[in-house]
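Numbered according to our numbering, the sequence shown spans residues 8 to 360. Worksheet: the structure to be examined is printed underneath.
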Amino acid sequence: MVTPKSLSLARGCWGLLAGAPLVSVGALLHALVALTQVEAANNEEPYSVELIKKNDIYGSIEHKVDVYVKVYTNSPFLVCMDLALSQKELVDPKYLWIGPNGKNLEGQSYATVTKTGKLMVRGFQESVSGSYTCTLSYDIIKTDTQEEKEKYKAYKFMVYAYREPDYTYQISVRFTTKECSLAANGQFFEGLKIHLDDLISYLTCHIIEPSYKCHVVKPPKHGLLHELFFTFKVNPFAPGWEAVCRQISYDCEDETNKRIQKARDLIEEFFREQPLVLKHEFQNIPAIHYIDHSFEVTRIDSCRPGFGKNDVTHSDCASCCVVCDPGTYSPNNEITCRICKNIRIKYYGAKSC
8 MVTPKSLSLA RGCWGLLAGA PLVSVGALLH ALVALTQVEA ANNEEPYSVE LIKKNDIYGS
68 IEHKVDVYVK VYTNSPFLVC MDLALSQKEL VDPKYLWIGP NGKNLEGQSY ATVTKTGKLM
128 VRGFQESVSG SYTCTLSYDI IKTDTQEEKE KYKAYKFMVY AYREPDYTYQ ISVRFTTKEC
188 SLAANGQFFE GLKIHLDDLI SYLTCHIIEP SYKCHVVKPP KHGLLHELFF TFKVNPFAPG
248 WEAVCRQISY DCEDETNKRI QKARDLIEEF FREQPLVLKH EFQNIPAIHY IDHSFEVTRI
308 DSCRPGFGKN DVTHSDCASC CVVCDPGTYS PNNEITCRIC KNIRIKYYGA KSC
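Shown next, in the form of structure tokens:
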């Protein structure tokens, strides 16, 4: 990016070249490369140019810009200008960033403000969610009179902390049985639950809310059948999960979601193999056995306290658990933030009313 300082240095370089003997094109290129390297070493922050280009969010003079930052990660670079203005030359630009608490962000320990007016908030947490405003000032110089006039533009970013939802999987399967009144139905159900719990226990996941019902079913072109409808949920928060989380240096929601998906895959594989087990290990098919292709799974999302989903307010992050706005709260693992009518909540991420 060409800055006023780099222009000044370049003019000085060209001035020296103009007064010197004729130089080769190769020498001139080496001089310019050296100039850009010195400029980069002196003025650029320790972030690659590629990263900055890919990670920039420009402001808008027409409306606020919503930005969503995953908790404990660094925010994108918020650029104190709109995209159209970024394509123009600015003379003596100055930038003033103000955070949600009304303080100047220059020099704040959690914020990085570059010399080109870009803001990054490091280790983003729900408490620093809110409005970030930047005022850009720059000079306009009339070429005929050399008259200078200062111009101002303001940009507003609404920056929200978000989390990935916690996953729970609801699973349903069906088994045939001889009679709904068979005492073995309940025993089989208890044994199946214990086996599935053992299968996924090393992942600190467990089976919750297990239940079954027996129904009489009339399939097309067949007589009456007795079937057991089993339902249960696979939950990632078995006893001991917090100890596992403490071993991880970052927020553990990604780890719990990875584990619960592994648990779901193990259970699905278990049921998928049942027809092969029946075929190869049993001469006579047991009275209670799995019905092939009856496995069904549905993902159920929940949000951590202080976060909730709102696909209207936060349509750009509809699948995210976004920090609860001031005036709302979420006390447990619900999916939405509640409105607090008792007191006025002035901060983001409230967990109680």
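C-beta: ideal position from N, C-alpha, C; glycine also. It should be emphasised that the depicted structure is a prediction, and the values quoted were computed from it without experimental measurement.
**OP:** Below 8 angstroms on the Cβ atoms is my guess for residue 85 versus residue 139; work out the distance and round it to an integer in Å.
**Re:** Rounded, the Cβ-Cβ distance is 6 angstroms, consistent with contact.
**OP:** Pick out whichever of 341, 344 and 332 has its Cα sitting closest to the Cα of residue 353.
**Re:** For residue 353, the nearest C-alpha among the options comes from 332.
Subject >> Other residues of its chain near residue 279: CB distance less than 8 angstroms, five sequence neighbours each side excluded >> reply: Within the same chain, and ignoring the five residues on either side of residue 279 in sequence, the residues whose Cβ sits closer than 8 angstroms to its Cβ are 302.
Original post:
When DSSP builds the beta bridges, which residues end up paired with residue 127?
Top reply: In the DSSP assignment, the residues bridged to residue 127 are 119.
Original post:
If you check the beta carbons only, do residue 182 and residue 298 fall under 8 angstroms apart?
Top reply: Contact check for residue 182 against residue 298 passes: the beta carbons are separated by less than 8 angstroms.
Original post:
Under the three-state reduction of DSSP, which class applies to residue 14: helix, strand or coil?
Top reply: With a pLDDT of 36 at residue 14, under the threshold of 50, the predicted position of this residue should be treated as unreliable, though the coordinate-derived value follows. DSSP places residue 14 in helix when its eight states are reduced to three.
**OP:** List the residues that DSSP assigns as beta-bridge partners of residue 157.
**Re:** DSSP output for residue 157 lists 146 as bridge partner(s).
**OP:** Closer than 8 angstroms by C-beta to residue 335: which residues in its own chain qualify, once you throw out the five before and the five after it? Chain order, please.
**Re:** Shown here for residue 335: same chain residues with a beta carbon closer than 8 angstroms to its own, the five before and five after excluded, namely 315, 344, 345, 346, 347, 352 and 357 in chain order.
Subject >> Close Cβ partners of residue 57 (< 7 angstroms) along its chain, the five nearest in sequence each way excluded >> reply: In this predicted model, residue 57 has a pLDDT of only 35, less than 50, meaning its place in the structure is not dependable enough to derive any value.
Original post:
With respect to the alpha helix (DSSP H) encompassing residue 210, which residues constitute its N-terminal and C-terminal limits?
Top reply: Residue 210 -> no alpha helix (DSSP H), and no H or E assigned at all.
Original post:
Whose C-beta lies closer than 8 angstroms to the C-beta of residue 323 among residues of the same chain, with five residues either side of it excluded?
Top reply: 73 and 75, listed in sequence order.
Original post:
Should the region 236-246 be regarded as contacting the region 168-184, the criterion being three or more beta carbon pairs within less than 8 angstroms?
Top reply: Contact holds: three or more Cβ-Cβ distances are below 8 angstroms.
**OP:** Measure how close the beta-carbons of residue 124 and residue 88 come, nearest whole angstrom, since I'm counting them as under 8 angstroms.
**Re:** Yes, residue 124 and residue 88 are in contact; Cβ-Cβ is about 7 angstroms, under 8 angstroms.
Original post:
Based on Cα-Cα distance, which residue from 203, 210 and 94 lies nearest to residue 250?
Top reply: By alpha-carbon distance to residue 250, the top candidate from 203, 210 and 94 is 210.
Original post:
Among 70, 101 and 65, which one has its Cα closest to the Cα of residue 94?
Top reply: The option with the nearest alpha carbon to residue 94 is 65.
Original post:
What residue range is occupied by the uninterrupted alpha helix (DSSP H) comprising residue 93?
Top reply: First-last of the alpha helix (DSSP H) with residue 93: 90-93.
**OP:** Would you identify the three-state DSSP class for residue 251, choosing helix, strand or coil?
**Re:** Note: residue 251 maps to helix in three-state DSSP.
Original post:
What are the residues that DSSP puts in a beta bridge with residue 181?
Top reply: Looking at the DSSP assignment, residue 181 forms a beta bridge with 236.
Subject >> Three-state class that DSSP yields for residue 101 in the structure shown >> reply: Residue state, collapsed to three classes: strand.
**OP:** Indicate the three-state DSSP secondary structure (helix, strand or coil) for residue 168 in the structure shown.
**Re:** Look at residue 168 here: in three-state DSSP terms it is strand.
**OP:** Along the alpha helix (DSSP H) that carries residue 305, what are the first and last residues, could you check?
**Re:** Segment 303-309 is the beta strand (DSSP E) holding residue 305; no alpha helix (DSSP H) there.
Original post:
In angstroms, rounded to a whole number, what distance separates the CA positions of residue 267 and residue 306?
Top reply: Those two C-alpha atoms are separated by around 10 angstroms.
Original post:
With 16 as the cutoff for other CB atoms within 10 Å, does residue 350 come out buried or exposed?
Top reply: Residue 350 comes out exposed.
Subject >> residue 308 versus 318, 133, 292 and 341, residue with shortest Cα-Cα distance >> reply: Taking only the C-alpha atoms, the option nearest residue 308 is 341.
Subject >> Residues near residue 359 by beta carbon distance below 8 angstroms, same chain, minus five either side >> reply: If we look at residue 359 and ignore the five residues flanking it on each side, its Cβ neighbours are 336 and 338.
Original post:
From residue 276 to residue 319, what distance separates their C-alpha atoms?
Top reply: Linking residue 276 to residue 319 through their CA atoms gives a straight-line distance of about 38 angstroms.
Subject >> Alpha-carbon spacing of residue 220 relative to residue 170, whole angstroms >> reply: Rounded to the nearest angstrom, the two C-alpha atoms are 37 angstroms apart.
Original post:
Closest by CA to residue 62, which one among 108, 128 and 213?
Top reply: For the residues 108, 128 and 213, the minimum Cα distance to residue 62 belongs to 128.
**OP:** For residue 116, count neighbouring Cβ atoms within 10 angstroms of its own Cβ and tell me buried if that reaches 16, exposed if not.
**Re:** By the neighbour-count rule (16 or more Cβ atoms within 10 Å), residue 116 is not buried but exposed.
Subject >> Three-state secondary structure assigned by DSSP to residue 284 >> reply: Residue 284: helix per DSSP, three-state reduction.
Original post:
So, is residue 203 buried or exposed, given that buried needs 16 or more other C-beta atoms within 10 angstroms?
Top reply: So residue 203 ends up on the buried side.
**OP:** Decide if residue 135 is buried, meaning its Cβ has at least 16 other Cβ atoms within 10 Å, or exposed.
**Re:** Residue environment: residue 135 is assigned as buried (16 or more neighbouring CB atoms within 10 Å of its CB, all protein chains considered).
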